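Numbering (our numbering), first residue to last: 365 to 866.
We put the beta carbon where it would ideally sit given N, CA and C, even for glycine.
Computed from a prediction, not measured in an experiment: that's the story for all the values here.
Remarks on the structure that follows.
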């Protein structure tokens, strides 16, 4: 009986379960079926427990009371379910409102985000433009800084070379401070530089005379009277010494230049004394004054020519001795021949042969006197004999007159040949240097080239005067020979005339 009731109860429970599930699903179409299943399972378990309890302890219990209890529980479950549905519906609505609100918020945030993205893009473009502008301005600034520094370096170079630098230590310090370390130049620095430029231009047009200490050629301090001729140069006079002054690039101190030479020193002294209103100027900016210390003397030039300069100079020395001897001899031979010939002709025309012979006797060592004496000695002979005797005397004097002329011509030919030999030797030395060291450093080849050029120069310098002297002496000998011949013919004519008159 209990079993049958239990089966009925189960059947009823199944119908209840299905009805509850169907009713709950119809009222909550949006709820998932899993929720209905969970509630029906819970209710079924409760009912099953009650039925099992009742079947064990009250098998005789009235099923009507059980049905009432179940109905009550069913009503309570429905009530709970409705309350849950209400709560779920309320929560669902709240969630929908919240979702809608969140969607509106998201839309606003997206709109704000898009605006901010647009602003970021605009700022990025502005940043790129500013970076480009900054880069351009930095490049311009760097270029202006370089130009400014170049002007400062050039100005400093001019100031250091200026003879007025020793009086402008502050200017030197200011310019050097601009070049020290990293510095940002301002408009004030540019104004200062322009001001220094104009002050320096104004000072460059002034001639200033003052007394200051300078460094002499031995490196010792010495007080001197100085005249500064703008930025061109400075002159000094001290202890009977005068000349030009150079400015030391490092310290700006004034240093004596090398000796400018006798004539230039005399002009500078006259300018200091007021005897002259002009002074020698070096318009090359100090290059010419610096060359004074590098001026090569004749001795230095000859040394650079090497060993072959010595024989060339010996050739020149021998030629000088010969020329002096020949000039002296020919000058002595030539003297007073016209006066002697006039006196002898007069005595011959008078028939005073003895007196005429005595007159020529002091000149017997001279060619003209010798020829006249021979003619007077043969006065009684025929004209042919007199002519032959005088011609013989003339020819005997020619070797004395032409002595060393051939030697001079040989020396004139030897000197340039020795110079050519030195040229060849110098070029050989140059090629040897090129073979060993190459052509990278021209100074290594300077020695051989100098030897080649100097020997040629010295050889030509010796040969040309020798050739001119040989030509001059040859002409002089020809004139003397012509003079002797002329005087001999004149004497023979006087002798023949006197014979005819007798």
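Helix, strand or coil at residue i [DSSP, three-state]
i, result
"residue 596", "coil"
"residue 608", "strand"
"residue 822", "helix"
"residue 572", "strand"
"residue 589", "strand"
"residue 640", "coil"
"residue 558", "helix"
"residue 837", "helix"
"residue 625", "coil"
"residue 386", "Residue placement at residue 386 is flagged as unreliable, the pLDDT there being 40, under the threshold of 50; a coordinate-derived value is accordingly withheld."
"residue 497", "helix"
"residue 648", "coil"
"residue 544", "coil"
"residue 550", "coil"
"residue 400", "Because the pLDDT at residue 400 is just 45, under 50, the model does not fix this residue reliably, and the point stays unresolved."
"residue 526", "coil"
"residue 714", "coil"
"residue 857", "helix"
"residue 393", "For residue 393, the pLDDT reaches just 46, beneath the cut-off of 50, and the residue's location in the model is therefore unreliable, leaving the point undetermined."
For residue i, the first and last residue of its enclosing beta strand (DSSP E)
i, result
"residue 798", "From DSSP, residue 798 is part of no beta strand (DSSP E) but of the alpha helix (DSSP H) over 769-801."
"residue 618", "618-620"
Proximity below 8 Å, CB of residue i to CB of residue j
i, j, result
"residue 799", "residue 815", "no"
"residue 598", "residue 609", "yes"
"residue 758", "residue 740", "no"
"residue 596", "residue 576", "no"
"residue 870", "residue 770", "A question about residue 870 goes unanswered here, because the residues of the chain that appear run from 365 up to 866."
"residue 540", "residue 557", "no"
"residue 600", "residue 690", "no"
"residue 779", "residue 679", "yes"
"residue 593", "residue 622", "no"
"residue 845", "residue 772", "no"
"residue 618", "residue 676", "no"
"residue 753", "residue 738", "yes"
"residue 736", "residue 855", "yes"
"residue 573", "residue 620", "no"
"residue 726", "residue 697", "no"
"residue 867", "residue 606", "Examination of residue 867 is not possible in this model, given that the chain is present from 365 through 866 alone."
"residue 512", "residue 549", "yes"
"residue 786", "residue 824", "no"
"residue 543", "residue 516", "yes"
"residue 839", "residue 813", "no"
"residue 523", "residue 535", "yes"
"residue 818", "residue 662", "no"
"residue 692", "residue 711", "no"
"residue 756", "residue 841", "no"
"residue 694", "residue 837", "yes"
Endpoints, alpha helix (DSSP H) assigned at residue i
i, result
"residue 750", "747-765"
"residue 721", "717-724"
"residue 671", "No alpha helix (DSSP H) contains residue 671, which DSSP labels as neither H nor E."
"residue 661", "First-last for residue 661: undefined, no H or E at that position."
"residue 731", "731-741"
Beta-bridge partners of residue i, as assigned by DSSP
i, result
"residue 602", "605"
"residue 578", "586"
Any non-hydrogen atom of the ligand FAD within 7 Å of residue i CB
i, result
"residue 507", "Only the bare structure without any ligand can be found here, which leaves the ligand FAD out of the picture."
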